[in-house]
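Structure record follows, encoded as structure tokens.
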Amino acid sequence: DTGVSQNPRHKITKRGQNVTFRCDPISEHNRLYWYRQTLGQGPEFLTYFQNEAQLEKSRLLSDRFSAERPKGSFSTLEIQRTEQGDSAMYLCASSLHRGAGNTEAFFGQGTRLTVV
Amino acid sequence: AQSVTQLGSHVSVSEGALVLLRCNYSSSVPPYLFWYVQYPNQGLQLLLKYTTGATLVKGINGFEAEFKKSETSFHLTKPSAHMSDAAEYFCAVSRGGGGSNYKLTFGKGTLLTVNP
Numbered sequence: 001d002t003g004v005s006q007n008p009r010h011k012i013t014k015r016g017q018n019v020t021f022r023c024d025p026i027s028e029h030n031r032l033y034w035y036r037q038t039l040g041q042g043p044e045f046l047t048y049f050q051n052e053a054q055l056e057k058s059r060l061l062s063d064r065f066s067a068e069r070p071k072g073s074f075s076t077l078e079i080q081r082t083e084q085g086d087s088a089m090y091l092c093a094s095s096l097h098r099g100a101g102n103t104e105a106f107f108g109q110g111t112r113l114t115v116v
Numbered sequence: 001a002q003s004v005t006q007l008g009s010h011v012s013v014s015e016g017a018l019v020l021l022r023c024n025y026s027s028s029v030p031p032y033l034f035w036y037v038q039y040p041n042q043g044l045q046l047l048l049k050y051t052t053g054a055t056l057v058k059g060i061n062g063f064e065a066e067f068k069k070s071e072t073s074f075h076l077t078k079p080s081a082h083m084s085d086a087a088e089y090f091c092a093v094s095r096g097g098g099g100s101n102y103k104l105t106f107g108k109g110t111l112l113t114v115n116p
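Quick note, the sequences are listed as chains A and B, same order.
The numbering used here applies: residue 1 is where the first sequence begins, and numbers increase by one.
The numbering used here applies: residue 1 is where the second sequence begins, and numbers increase by one.
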């Protein structure tokens, strides 16, 4: 297992364009999380899935943002009509939830988005 | 609601000196606590975590942290700094116990510089 994989690693886009990021979690992990990290800040929670169900969304996730995990495996995060304030590192993490407990969350290397 | 405060956005030590990175948390429920390390343009790597049991937790690369409920603290220490420890360190909290979903709330981070 190669861990959590995110693609692309870097994305530069013009303001107003749509972008989509992909996250492939560790294969047996049923929970998948998206975080956003801006320069000089810690990561901020955006949303998480258990299998294909999106269980929680942060108020940071405006209506321009949508995340999916259609088959309970990989996930995509789409940002429509990008704004310069969307420039950040987008981090994906996964964990295994079973019974009353979870394993720790393992993070991918992130996708750095720059909106020009 | 949960929050994390990391005291000192930048800590500088000499190689071989003690490393102490401070973290205080706020949580209305029993917390799980974590320290992550981030190297430039990389994702987050878990150093150590506290869930239940022993309050002194040992992690990778010689780091350890002690959960002090009375002080709501989870400070990270390493007896002797190495040049390779230079990185940004994040303290994080999640809801503990059976309701844990490993949704993490992070502090703003502490940048550790190690001087030769």
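Heads up, the beta-carbon is just placed ideally off N, CA and C, and yes, glycines get one too.
The structure displayed is predicted, hence computed values, not measured ones.
Within the 7 angstroms Cβ cut-off, does P8(A) reach chain D? Absent from the structure is chain D; the protein chains it does hold are A and B.
Quick check: is the beta carbon of Q41(A) nearer than 7 angstroms to any beta carbon in chain B? Closer than 7 angstroms to some Cβ of chain B, the Cβ of Q41(A) qualifies, so yes.
Against chain A, does Y50(B) count as a neighbour if the rule is that its beta carbon must be under 7 angstroms from one of theirs? With respect to chain A, the C-beta atom of Y50(B) has no partner C-beta closer than 7 angstroms.
Compute the beta-carbon to beta-carbon distance between F107(A) and L96(A), rounded to the nearest angstrom, for a pair I have assumed lies under 8 angstroms. With 8 angstroms as the limit, F107(A) and L96(A) do not qualify as a contact, their Cβ atoms being about 14 angstroms apart.
Can you confirm whether the region 64 to 78 of chain A touches the region 43 to 51 of chain A when touching is taken to mean that 3 or more C-beta pairs between the two stretches lie within less than 8 angstroms? Look at the beta carbons and you see the region 43 to 51 of chain A touching the region 64 to 78 of chain A: at least three pairs across the two are nearer than 8 angstroms.
Considering only C-alpha positions, which residue in the set G110(A), E56(A), G42(A) is nearest to F21(A)? Residue G110(A) is the option with its Cα nearest to F21(A).
Chain-ordered chain B contacts of Q54(A) [CB-CB under 7 angstroms]: Result: empty, since nearest Cβ-Cβ is about 13 angstroms, beyond 7 angstroms.
Using a beta-carbon distance cut-off of less than 8 angstroms, what residues from the region 43 to 70 of chain B approach chain A? The residues in question are G43, L44, Q45, L46, K49.
Hey, would you say V117(A) sits closer than 7 angstroms to S94(A), going by beta carbons? Missing from the structure shown is residue 117(A); chain A here goes from 1 to 116 and no further.
Members of the region 89 to 110 of chain A that neighbour chain B once the beta carbon cut-off is set at 9 angstroms: Flagged, chain order: M89, L91, C92, A93, S95, H97, G99, A100, G101, N102, T103, E104, A105, F106, F107, G108, Q109, G110.
Distance between S14(B) and K68(B) (C-alpha atoms, nearest Å): When the Cα atoms are used, K68(B) and S14(B) turn out to be separated by approximately 27 angstroms.
Buried or exposed for G107(B), please, with buried defined as at least 16 other CB atoms from any protein chain shown within 10 angstroms of its CB. So G107(B) counts as buried.
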